[in-house]
Amino acid sequence: MATAATQIPGQALHDISLPIEGMTCASCVGRVEKALRGVRGVQRAEVNLATERASVSVADDVDVADLVSAIGAAGYIVPVPAPIELSIEGMTCASCVGRVERSLADVPGVQSATVNLATERAFVTAGAGVSAETLIDAVEKAGYGAARVSAAVDSGNAAKRDAEAAVLQRNLMIAAALTLPVFVIEMGSHLFPPLHHLVMRTIGMQASWTLQFVLASLVLLFPGRAFLAKGVPALLRRAPDMNSLVALGTMAAWGYSTVATFAPHWLPPGTVNVFFEAAAVIVTLILLGRWLEAKAKGRTSRVIEQLVALAPQTARVRRGTAIVELPVAEIQSGDVVELRPGERVAVDGVVVEGESFVDESMISGEPVPVAKSEGAEVVGGTINGQGNLAVRATTVGEASVLARIIRMVEQAQGAKLPIQALVDRVTMWFVPAVIALASLTFIIWLLFGPDPALGFALVNAVAVLIIACPCAMGLATPTSIMVGTGRAAEMGVLFRKGEALQALREAKIVALDKTGTLTEGRPTLTDFIVLDASPRDELLAMVAAIEAKSEHPIARAIVEAAEAEGLTLPAVSRFEARPGFGVEAEVAGRRVAIGADRYLNQLGVDVASFEDLSADLGHDGKSPLYVAVDGRLAAMVAVADPLKPEAVRAVAALRKLGLKVAMITGDNVRTARTIARQAGIDHVVAEVMPDGKVSALEALRNDFGKAVFVGDGINDAPALAAADVGIAIGSGTDIAIEAADVVLMAGDLGNVPKAIALSSAVMANIRQNLFWAFGYNTALIPVAAGLLYPASGTLLSPMLAAGAMGLSSVFVLTNALRLKRFVPSAI
32 MATAATQIPG
42 QALHDISLPI
52 EGMTCASCVG
62 RVEKALRGVR
72 GVQRAEVNLA
82 TERASVSVAD
92 DVDVADLVSA
102 IGAAGYIVPV
112 PAPIELSIEG
122 MTCASCVGRV
132 ERSLADVPGV
142 QSATVNLATE
152 RAFVTAGAGV
162 SAETLIDAVE
172 KAGYGAARVS
182 AAVDSGNAAK
192 RDAEAAVLQR
202 NLMIAAALTL
212 PVFVIEMGSH
222 LFPPLHHLVM
232 RTIGMQASWT
242 LQFVLASLVL
252 LFPGRAFLAK
262 GVPALLRRAP
272 DMNSLVALGT
282 MAAWGYSTVA
292 TFAPHWLPPG
302 TVNVFFEAAA
312 VIVTLILLGR
322 WLEAKAKGRT
332 SRVIEQLVAL
342 APQTARVRRG
352 TAIVELPVAE
362 IQSGDVVELR
372 PGERVAVDGV
382 VVEGESFVDE
392 SMISGEPVPV
402 AKSEGAEVVG
412 GTINGQGNLA
422 VRATTVGEAS
432 VLARIIRMVE
442 QAQGAKLPIQ
452 ALVDRVTMWF
462 VPAVIALASL
472 TFIIWLLFGP
482 DPALGFALVN
492 AVAVLIIACP
502 CAMGLATPTS
512 IMVGTGRAAE
522 MGVLFRKGEA
532 LQALREAKIV
542 ALDKTGTLTE
552 GRPTLTDFIV
562 LDASPRDELL
572 AMVAAIEAKS
582 EHPIARAIVE
592 AAEAEGLTLP
602 AVSRFEARPG
612 FGVEAEVAGR
622 RVAIGADRYL
632 NQLGVDVASF
642 EDLSADLGHD
652 GKSPLYVAVD
662 GRLAAMVAVA
672 DPLKPEAVRA
682 VAALRKLGLK
692 VAMITGDNVR
702 TARTIARQAG
712 IDHVVAEVMP
722 DGKVSALEAL
732 RNDFGKAVFV
742 GDGINDAPAL
752 AAADVGIAIG
762 SGTDIAIEAA
772 DVVLMAGDLG
782 NVPKAIALSS
792 AVMANIRQNL
802 FWAFGYNTAL
812 IPVAAGLLYP
822 ASGTLLSPML
832 AAGAMGLSSV
842 FVLTNALRLK
852 RFVPSAI
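In my numbering, the protein residues as written are 32 to 858.
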């Protein structure tokens, strides 16, 4: 047990709990406690071997990272927790995003915090001692709501958004019904003199103003209550947001009008007027913008809903001799699931019975169904064709391909691109600056404006407050990311890191691995050339029968070719393998030898008749082997790892996008150059080890600029991690996929240029949104302040300001939604 250190009087302490791995005995406990007590500011350290946790009391200025480092120096490990995802409520603009991020970042132990306005989610990377509850408390102290998002897919998110949209729609209808009479009475009287005379003759001006007061008050107290409930506390906390601007503007117009209605003697002569219609119309138009925004935001995240909908809720599972229908959540690895025609596959697994075609477009983007028979792998969420299948579950729950896809898309959609940093810096100070500008506008008009100066000052100050609401700024980047990454998922491209969207756009060179990326990754029989009139099929069957005894990849390619042609393999006897040379055996009473030219020369067989053809095959990257029967040359076999069908098209598309293309491979120089020539690649780096790929990539980056690396194998993982953007072929290894920033689910190299083209489209879309959001506010704030009035007598009505502000957010969202229709041209 650790002894408590003497506490410094007046020093605030808090407790931190850390998980620890690697302790085995009481002496380990003592070492960890000693290491923790050695950290400056630690007042108490107790370690429990049974629970493998340390409880530490520390001063507020102690960094959790120092505690973790001390434990590491003692020889033990504090496991890194997964990022904490929170659902945030109450954010309305970019200023809100900045405040929530700052409140989370101020929590001791938090390493990074990213908040997304469009998804209303926060992703927090923190030390092991930081709990979700601590983060939620910090968000609530900042004036917003927060809740932990579980690792399971949040299928209720769509229903929640629909409910919010329904509330906004109801409030909009109420506000419109109450605002319409106010607008007609006041503005109608200004625009249509007969209506003014009618009002004066019937109810009179005082009764008209009183009626407008009642209706406008109802609008502010009920449909507009949210603006006051959120905006006023934010002002009191000295952290104003969009709601604060609306609250200030509407309450200023309503308050001034109320004084003019019931205490006109408090106002200077000539300034008695009412602006109830401005307050009511502002609330109504902003509610309209919010409702349209909610509808559009729902459409931006529809890809996640579509992915969730791919997972069936129940499945038919074998239980002994019976078949029972169970919830998918109860299916375990090893269970056998029955699939009828047209059903969705419930789990990842392997076909154990039946034959069918399965629509795998949800992971490949390709519409052509794939044949499935015994031994074939199937993925949950894909659609079975006309046959019946029995599938043994291999991966269930959060480890399934569909669940991993959903997590990747959610994480990418919640990402914050480097371009967002500028937006964040501006918007953190934007609202306070707008309030200062509105105050300055009021003072200038009050001092120098024409009569009634107070009325002009109020109207223009309110217009400045309303026009500058930074909703569009906060939505400009995240909505484009959401729609762009969703469209990419539909194309079979998964962005594991949203930052790759921007980095891909800035890439100058794409480096490709050879085996499994440019090529099929396995040898294939390309040529079988017989000499004279030897029977081809008989000879191929004999060769395949001998090679079936070997485990060499080239032997496997020959056997597969014979089996594909339906040949029956004869019996083999007296098999002999000579490593590095070839094989020899007896087949149907005949002695057959297969090997390289040096082997047959050793056997006394002359291969000169195939010399020219062998040279041509070698030039094409094919490996020639020779076949001798009973001591006489009979045939030549050529085996190669062929280019993928889409490789040439993909390389051409990359070059069309203005990118340099290189190949980095561990293969020999001759084969590498042959493959590069066939694919249309100019830059070749061959005969490199896995760590050499990183050095080669660094050299390409120094020569050309930002580099993308595309690979599929374990040996590609270091290069994938070192590249500015690593793209993994989805059919490759899990290690390669985990090291990558982007995953091509179908393994189609043609999706690399598509991903880069989409990146360019997303970044262009973001720039359009930011130009509109910033340009709109920058251009219209001076107009709202009355800059054009001295020259043209033009003023911007607060009502028009409210409508324009709402439409700016709708424009940004609508522009982002255009990415849903993105189709890469000529790729």
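Here a beta-carbon is modelled for each residue, glycine too, at the ideal position from N, C-alpha and C.
Ranked by Cα distance from residue 433, the first of 470, 736 and 391 is 391. With respect to the C-alpha of residue 372, the residue from 704, 325, 91 and 414 having the closest C-alpha is 414.
Under the Cβ criterion (8 Å, minimum of three pairs), the region 471 to 485 does not count as touching the region 770 to 788. Residue pairing of residue 166 in beta bridges, as defined by DSSP: absent, with no partner found. Within its own chain, the residues whose Cβ lies closer than 7 Å to the Cβ of residue 621, once the five positions on either side in sequence are excluded, are 660 and 661, listed in chain order. With 16 or more other CB atoms across the displayed protein chains lying within 10 angstroms of its CB, residue 210 is buried.
Annotation: the continuous alpha helix (DSSP H) that includes residue 258 extends over 256 to 267. Residue 280 has its alpha-carbon roughly 9 Å from the corresponding atom of residue 309. From the listed residues 169, 775, 374 and 311, the smallest Cα separation to residue 547 is found for 775. Spatial neighbours of residue 259 in its own chain (CB-CB distance under 6 Å, excluding positions within 5 residues in sequence) are listed in chain order as 278. Distance from the Cα of residue 516 is smallest, within the candidate group 506, 531 and 747, for 531.
In this structure, the CA atom of residue 304 is about 7 Å from the CA atom of residue 486. When the beta-carbon positions are compared, residue 537 and residue 779 stay at least 9 Å from each other. Between residue 811 and residue 492, the C-beta gap is not smaller than 9 Å, which leaves the two residues out of contact. Secondary structure remark: continuous alpha helix (DSSP H) runs of at least 4 residues inside the region 78 to 120, in chain order: 95 to 104.
Here DSSP, grouped into helix, strand and coil, assigns residue 784 to helix. Counting the other Cβ atoms within 10 Å of the Cβ of residue 822 gives fewer than 16, which makes it exposed. The C-alpha of residue 254 lies about 15 Å from the C-alpha of residue 213. Note that the region 638 to 648 does not touch the region 593 to 602; fewer than 3 beta-carbon pairs, one per stretch, sit closer than 8 Å. By the Cβ rule, the region 838 to 845 does not count as touching the region 780 to 791, because fewer than three pairs are nearer than 8 Å. Here residue 272 is buried, its C-beta having at least 16 other C-beta atoms within 10 Å.
Between residue 579 and residue 590, the beta carbon gap of about 5 Å places them in contact (Cβ cut-off 8 Å).
In summary, residue 79 is exposed, with fewer than 16 beta-carbon neighbours lying within 10 Å of its beta-carbon over all protein chains present. A distance below 6 Å between beta-carbons, with the five flanking residues on each side excluded, links residue 832 to the following residues of its chain, in chain order: 494, 497, 498 and 815.
No Cβ-Cβ contact shorter than 9 Å links residue 685 with residue 758. Between the region 697 to 713 and the region 600 to 619 there are fewer than three C-beta pairs closer than 8 Å, too few to call the two in contact.
Across the set 400, 404, 427 and 797, the C-alpha of 427 shows the shortest separation from the C-alpha of residue 411. The same chain holds no residue with a CB closer than 6 Å to that of residue 293 once the five nearest residues on each side in sequence are set aside. Going by beta carbons, residue 670 and residue 697 fall outside the 9 Å limit.
Relative to residue 132, the option among 170, 165 and 566 whose CA is nearest is 170. Contact annotation: residue 377 and residue 368 have beta-carbon atoms nearer than 9 Å. For residue 612, there is no enclosing beta strand (DSSP E), as DSSP marks it with neither H nor E. Residue 152 and residue 117 do touch by the CB rule: their CB atoms are close to 7 Å apart, below 8 Å.
Contact between residue 511 and residue 850 holds: CB atoms are separated by about 7 Å, below the 8 Å threshold. Residues of the same chain with a CB within less than 7 Å of the CB of residue 572, apart from the 5 flanking positions on each side, are 593, 598, 599, 600 and 601 in chain order.
Residue 46 sits in a strand when the DSSP states are folded into three classes.
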